[in-house]
Amino acid sequence: MVQCLRPSDAVVAQAARSLSAGGLVVFPTETVYGLGADALSEGAVSRIFQAKGRPTDHPLIVHLADGAAAAGLADHWPRAADCLARAFWPGPLTLIVRKSSRVPLAVTGGQDSVGLRVPAHPVAQSLLKAFAAQGSGAVAAPSANRFGQVSATRAEDVVAQLSPFMAETDLILDGGPCTEGLESTVVDCTAQTPRILRPGVLGREAIAVVLAACGLGLAAPLPKTPDTAVPRVSGSLDSHYAPRTPLWVLPATALRDRVCGYVARHPQARVAAWLFSGWPDAPPGVHVAVAPADPIGYGRLLYAQLNDWDRAGFDLLCLEAPPPLAAWEAVHDRLRRAAF
Ligand code: TXA
Ligand code: MG
Numbered sequence: 167m168v169q170c171l172r173p174s175d176a177v178v179a180q181a182a183r184s185l186s187a188g189g190l191v192v193f194p195t196e197t198v199y200g201l202g203a204d205a206l207s208e209g210a211v212s213r214i215f216q217a218k219g220r221p222t223d224h225p226l227i228v229h230l231a232d233g234a235a236a237a238g239l240a241d242h243w244p245r246a247a248d249c250l251a252r253a254f255w256p257g258p259l260t261l262i263v264r265k266s267s268r269v270p271l272a273v274t275g276g277q278d279s280v281g282l283r284v285p286a287h288p289v290a291q292s293l294l295k296a297f298a299a300q301g302s303g304a305v306a307a308p309s310a311n312r313f314g315q316v317s318a319t320r321a322e323d324v325v326a327q328l329s330p331f332m333a334e335t336d337l338i339l340d341g342g343p344c345t346e347g348l349e350s351t352v353v354d355c356t357a358q359t360p361r362i363l364r365p366g367v368l369g370r371e372a373i374a375v376v377l378a379a380c381g382l383g384l385a386a387p388l389p390k391t392p393d394t395a396v397p398r399v400s401g402s403l404d405s406h407y408a409p410r411t412p413l414w415v416l417p418a419t420a421l422r423d424r425v426c427g428y429v430a431r432h433p434q435a436r437v438a439a440w441l442f443s444g445w446p447d448a449p450p451g452v453h454v455a456v457a458p459a460d461p462i463g464y465g466r467l468l469y470a471q472l473n474d475w476d477r478a479g480f481d482l483l484c485l486e487a488p489p490p491l492a493a494w495e496a497v498h499d500r501l502r503r504a505a506f
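If you want our numbering, it's the 1-based position in the sequence shown plus 166.
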């Protein structure tokens, strides 16, 4: 059984030794938990893909203790990356740049670019510094969930999803719940004009303002491919961030109508619903919780709520669709991938 420990100084030192020895270490970041291994060891990196059940052509983010260490893994450090790193690192931002030859292709899914991130979480920082003192200091880490399932913002969610796939010598550092709760914003800095590839807690507006101060623009998001526009079946191979339980995301009125129809057809069913104003006269069998009305609070709780409900054996999960406002962009992105 994999060990899940509170990250004392001694435990962080043990985790750094485990990384040096090619082991897996799950660690908290301010966004979500990461499933880490030495980024410069192909053998260690291959264990990430095995544990996560992830196709090997999906690139991993490499985590470092500071901007100088990150720039050291780039072939060259573009002005846009410099500008964004100075403004937002350490923090919930991943920068895509051309990779140095030191970064194995196994980390980047065969691409010549690499995603780099300097996380702010104190446990992530201690681990990266300890590993820099005795190893490469570069930790490749995807979100610490099984491929296609809901990301983990608490150690218990990591244990539930990944412990069957981790070795006794691997470690999970339990740093409590993640404060941001949604993955980092990913910005591609390989082209002349940077572009957001994945929206995150760090919003588009804040990024555009910083780039403008450096005399740079921000490219418009790429149009959604037809593949992402079609309805996705929750839990299928091409869906991400998805609970195994079917999930509906609907405006409040449509949600209440459809849930009433569903429980009328399936009287034994157990349904969980997350609505901004609750649902005082919900039919029996429908468990209702009130969703935070602000995007920051909502993002912090979303994955924990989905993971709890996914394990609780409900037949159907329903979320009220948040308002179509820019501040909710990252939440909308995750819900679009999770629901059908
Ligand atoms: O907040 C986060 O970013 C978390 C924590 C652990 O740092 N990590 C995370 O990793 O979400 P993962 O593997 O679940 O998602 C990585 C994202 C994917 O959307 C991937 O396509 C993108 O980063 N990415 C990584 N390297 C890339 C590259 N070279 N080119 C384009 N996209 C890349
Ligand atoms: Mg992920």
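We put the CB at the ideal spot given by N, CA and C, even for glycine. Keep in mind it's a predicted model, so treat the numbers as computed, not measured.
Distance, residue j Cα to residue i Cα
{"i": "V168", "j": "V263", "result": "34 Å"}
{"i": "L308", "j": "V454", "result": "The sequence given here places Pro at residue 308; Leu does not occur at that position. One C-alpha to the other measures close to 32 Å."}
{"i": "C484", "j": "F313", "result": "22 Å"}
{"i": "D447", "j": "A470", "result": "25 Å"}
{"i": "V161", "j": "T260", "result": "Because the chain in this structure spans residues 167 to 506, residue 161 falls outside the shown range and cannot be described."}
{"i": "G233", "j": "K265", "result": "15 Å"}
{"i": "V456", "j": "V367", "result": "21 Å"}
{"i": "R220", "j": "D460", "result": "33 Å"}
{"i": "S186", "j": "L377", "result": "37 Å"}
{"i": "E322", "j": "G238", "result": "35 Å"}
{"i": "G479", "j": "A217", "result": "24 Å"}
{"i": "Q180", "j": "G341", "result": "15 Å"}
{"i": "D223", "j": "G463", "result": "33 Å"}
{"i": "A374", "j": "G383", "result": "7 Å"}
{"i": "D507", "j": "A505", "result": "In the structure as shown, the chain begins at 167 and stops at 506. Residue 507 is therefore absent and cannot be evaluated."}
{"i": "P526", "j": "Q434", "result": "The requested residue 526 does not occur in the structure, where the chain is confined to residues 167 to 506."}
{"i": "W445", "j": "P458", "result": "14 Å"}
{"i": "P343", "j": "L271", "result": "32 Å"}
{"i": "S267", "j": "T356", "result": "16 Å"}
Reduced DSSP secondary structure (H/G/I, E/B, other) of residue i
{"i": "Q169", "result": "strand"}
{"i": "V376", "result": "helix"}
{"i": "T359", "result": "coil"}
{"i": "T351", "result": "strand"}
{"i": "C344", "result": "coil"}
{"i": "V280", "result": "strand"}
{"i": "H287", "result": "coil"}
{"i": "K218", "result": "helix"}
{"i": "T260", "result": "strand"}
{"i": "H432", "result": "coil"}
{"i": "G303", "result": "coil"}
{"i": "V211", "result": "helix"}
{"i": "D204", "result": "strand"}
For residue j and residue i, believed in contact at Cβ under 8 Å, the rounded distance
{"i": "L468", "j": "G369", "result": "That belief does not hold up - the Cβ atoms of L468 and G369 are roughly 16 Å apart, past 8 Å."}
{"i": "W475", "j": "A438", "result": "5 Å"}
{"i": "H287", "j": "P194", "result": "5 Å"}
{"i": "T345", "j": "E196", "result": "5 Å"}
{"i": "V316", "j": "C170", "result": "Rounded, the Cβ-Cβ distance is 19 Å, inconsistent with contact."}
{"i": "A182", "j": "G301", "result": "7 Å"}
{"i": "C426", "j": "P449", "result": "6 Å"}
Whether residue i touches residue j by CB criterion (8 Å)
{"i": "G188", "j": "G209", "result": "yes"}
{"i": "L416", "j": "R424", "result": "yes"}
{"i": "D204", "j": "V280", "result": "no"}
{"i": "A290", "j": "V198", "result": "no"}
{"i": "R364", "j": "A385", "result": "no"}
{"i": "V211", "j": "V284", "result": "no"}
{"i": "L339", "j": "V191", "result": "yes"}
{"i": "L388", "j": "S184", "result": "no"}
{"i": "A236", "j": "K295", "result": "no"}
{"i": "R466", "j": "A408", "result": "no"}
{"i": "P225", "j": "G275", "result": "yes"}
{"i": "L328", "j": "V178", "result": "no"}
{"i": "P490", "j": "V497", "result": "no"}
Environment of residue i [buried if 16+ CB atoms lie within 10 Å]
{"i": "L250", "result": "buried"}
{"i": "H229", "result": "buried"}
{"i": "D278", "result": "exposed"}
{"i": "T351", "result": "buried"}
{"i": "D393", "result": "Since pLDDT at D393 reaches only 47, below the 50 mark, its modelled position is unreliable, and no value is offered."}
{"i": "K390", "result": "exposed"}
{"i": "E334", "result": "exposed"}
{"i": "L421", "result": "buried"}
{"i": "E349", "result": "buried"}
{"i": "E371", "result": "exposed"}
{"i": "R213", "result": "buried"}
{"i": "V269", "result": "buried"}
{"i": "S443", "result": "exposed"}
{"i": "P330", "result": "exposed"}
Neighbour flag for residue i against chain D, beta carbons, 8 Å
{"i": "L384", "result": "Within the model displayed, chain D is absent; a lone protein chain is all it includes."}
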